[in-house]
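The letter at position 95 of the sequence shown is residue 111 when you use the numbering used here, and the numbering goes up by one with no holes. In this text, a Cβ means the ideal position worked out from N, Cα and C, and glycines have one as well. Contents: one structure, followed by commentary.
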Amino acid sequence: MTLNIYAITDSHQESRNLSRLLSGIYNFEYKKSSPFLILDAGDLFKGIYKKDLSVNAYLKIKKLLPQSEIFITLGNNDFGFVKSDFEYLLSTIEKFNNAGINVVCANLKNSKTGEFAPWVSRYKIVELDGHKILITGFCLNNSCVKKFGYELLEPEECFANLLEGIKEDYDRIIVLNHHWYPYSLQLKQFAEQKLNKNIDLIIGGHEHSPIKSDFDNNIYYPFSFARSLYKMQLDDKIHNVEEIKVDNFDFISEFENPIVEYENETQLMKTISHRVFNLTKCYSDSCPLGTFISDNMKRVGQTEIAFHSTGFTMAPLATKDSDTITNYDFKRVMCANCALVKIDISVAELKQVFENATLNRMYRDRGNSRFVQCSRNITIVGVGSFEDRTYKILQIEINGEKLLDENSNPINPDRKFSATIDPYIGSGEQGFTVLKNIPKVKILDNDGHEIRIDELFRNSLKLADKEFSTIGKTYPSFKIIDNLNQQ
């Protein structure tokens, strides 16, 4: 028999989009009684709308369509950043379990005991329309999970361990893999070559850029922020695969009403300012959005330079999309609210910062979470090799002044610069260990309050609206100059 499958990923609390996709699934299935699958490859959390709206949307679809079999894996952002986030995740999994919604993650272990996390299933085998399907999930390793006493192991190792221990019969394998596409392909090939197993379907997550459908390997990445879903069918093989954009679905009232109520209560669609600058976003490269934020960090910190984690922003503020910026637009872009700090950093230490930031520069197509967005008075010159994927810093310039000699060593080892940074990388996260032990001073406003990066960004957008009359000019990015394949 034919089994309908729907796939979503990385909704990131874009509850309006998620609820609209689930409305679409409802309209496809409400007249039928046959079971079907809803698959979600993780990162339900970290975003704009309150978490309860996304959680309740899944509880609602399960209640409206009890024949649905829902499987969700964990994404790196689902663990959260503070204890209350992690506790919310645990309570959500309990709610989902009680409602018959399955959360699976096969590579999450307790750091102290070495045991797999008991509060999340490693897999489940479901029998649907004559298919006995093994469904499991994996999440890429990340620093946040370590705060809560857990670690995420390599998927290949855990997949082999998982299959070895399963004694039940199954005839299909579906994997929800919260990792970049090359790693999903790697897992597919590992299963075939090392385990003599075929993964029938991989639904991927973590990619925020559009990923082309891999029909040959049945690897599919729905568009992030719940901007699309995949609809497909399974009988003797996966077929009738189509990607459908969220705009093609109509809301049903059960999903729309809570969203509208929240938007009205929070004034989410209220205008903040005009879009003065075209602030496009690049995750793994210099960009106008990141430079605009760092320039304003430098301004309020009254420092010589500034830089911050590229992961603090999640979307652009492009002038082509709208003439104005709403509260929704702002929250969609800025996902951090930490208090800014300033440091004094030597040239040698600054070089180490940029070495870490460009460690994965040759993997720009896959995402480089270590990258930093800098103030525009910074220029980085490096040399990279496509062959061995290495990158080396050749020169750093601040305000046009070269800081390194011909051997890429500091010209003046005693020279220090004042810098405004975020405390996340300042605490040594994302490999920035060089910053961990440098003394830090919190940046305060005139009333003695800490200046937080989200407040800074909001106020800087308003300030630009007042000070600049020209609309639509692209903000200049800091420079990173690559000399490739010359190593």
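The DSSP-derived three-state label of Leu-34 is helix. Between the alpha carbons of Lys-48 and Ala-122 lies a distance of about 32 Å. Pairing Leu-477 with Lys-336, the inter-Cα distance amounts to about 17 Å. Residues of the same chain with a CB within less than 6 Å of the CB of Arg-348, apart from the 5 flanking positions on each side, are Ile-64, Ala-331 in chain order.
At a Cβ-Cβ threshold of 8 Å, Met-313 and Leu-479 do not count as neighbours.
Excluding residues up to 5 positions away in sequence, Ser-362, Val-363, Ala-364 lie with their Cβ nearer than 8 Å to the Cβ of Pro-429 in the same chain.
In this chain, the beta strand (DSSP E) harbouring Lys-358 covers 357 to 362. Around the beta-carbon of Tyr-236, 16 or more other beta-carbon atoms lie within 10 Å, marking it buried. Put simply, the backbone Cα of Phe-271 is about 32 Å away from that of Asn-158.
Ser-240 sits away from Ile-218, with the two beta carbons spaced by 8 Å or more. The DSSP-derived three-state label of Gly-40 is helix. The alpha-carbon of Ser-493 is positioned some 21 Å away from that of His-224.
DSSP places Glu-184 in the coil class of the three-state scheme, outside both helix and strand. The bridge partners DSSP lists for Leu-90 come to none. Of the candidates Ile-86, Val-276, Glu-170, the residue whose Cα lies closest to the Cα of Ile-190 is Ile-86.
Nearest to Asp-438 by C-alpha distance, out of Gly-488, Ser-401, Phe-328, is Phe-328. Assignment of Lys-140 by DSSP, reduced to helix, strand and coil, places it in the strand class. For Cys-390, same chain residues with a beta-carbon under 6 Å away, outside a window of 5 residues either side, are Ser-310, Phe-323, Phe-494 in chain order. A residue is called buried when at least 16 other Cβ atoms come within 10 angstroms of its Cβ; Tyr-139 meets this threshold and is buried. Its chain contains Arg-243, Ser-244 as the residues whose beta carbon lies nearer than 7 Å to that of Lys-261, once the 5 sequence neighbours on both sides are disregarded; these appear in chain order. If you keep only unbroken alpha helix (DSSP H) runs of at least 4 residues inside the stretch 177 to 222, you get 197 to 210. DSSP, read as helix, strand or coil, puts Ile-268 in coil. Distances from the alpha-carbon of Glu-320 to those of Met-378, Tyr-22, Thr-296, Arg-392 put Arg-392 closest. Between the stretch 52 to 60 and the stretch 80 to 95, the count of C-beta pairs closer than 8 Å reaches three or more; the two stretches touch. The straight-line gap separating the alpha-carbon atoms of Tyr-278 and Ala-334 is approximately 25 Å. Residues of the same chain with a CB within less than 7 Å of the CB of His-147, apart from the 5 flanking positions on each side, are Leu-19, Asp-187, Arg-188, Leu-250 in chain order. A straight-line Cα-Cα distance of about 19 Å links Val-136 and Glu-180. Annotation for Lys-452: Gly-442, Ser-443, Gly-444 place their beta carbon closer than 8 Å to its own, counting only its chain and skipping 5 residues before and after. Closest in alpha carbon position to Tyr-407, among Gln-446, Arg-377, Gly-306, is Arg-377. Secondary structure at Asp-481: helix, using DSSP grouped into helix, strand and coil.
The residue among Arg-36, Asn-353, Phe-370 with its C-alpha nearest the C-alpha of Glu-466 is Asn-353.
Closest by C-alpha distance to Phe-164, out of Phe-206, Ala-207, Leu-144, Phe-102, is Phe-102. DSSP assignment within the stretch 390 to 447 yields the following whole beta strand (DSSP E) runs of 3 residues or more, N-terminal first: 394 to 401, 406 to 414, 432 to 437. DSSP places Thr-449 within a helical segment (H, G or I) once states are collapsed to three. In the three-state reduction of the DSSP assignment, Val-161 falls in the helix class.
Exclusion of the five residues before and after Asp-216 leaves Arg-188, Ile-189, Ile-190, Asn-234, Ile-254 as the residues of its chain whose Cβ lies within less than 7 Å of its Cβ.
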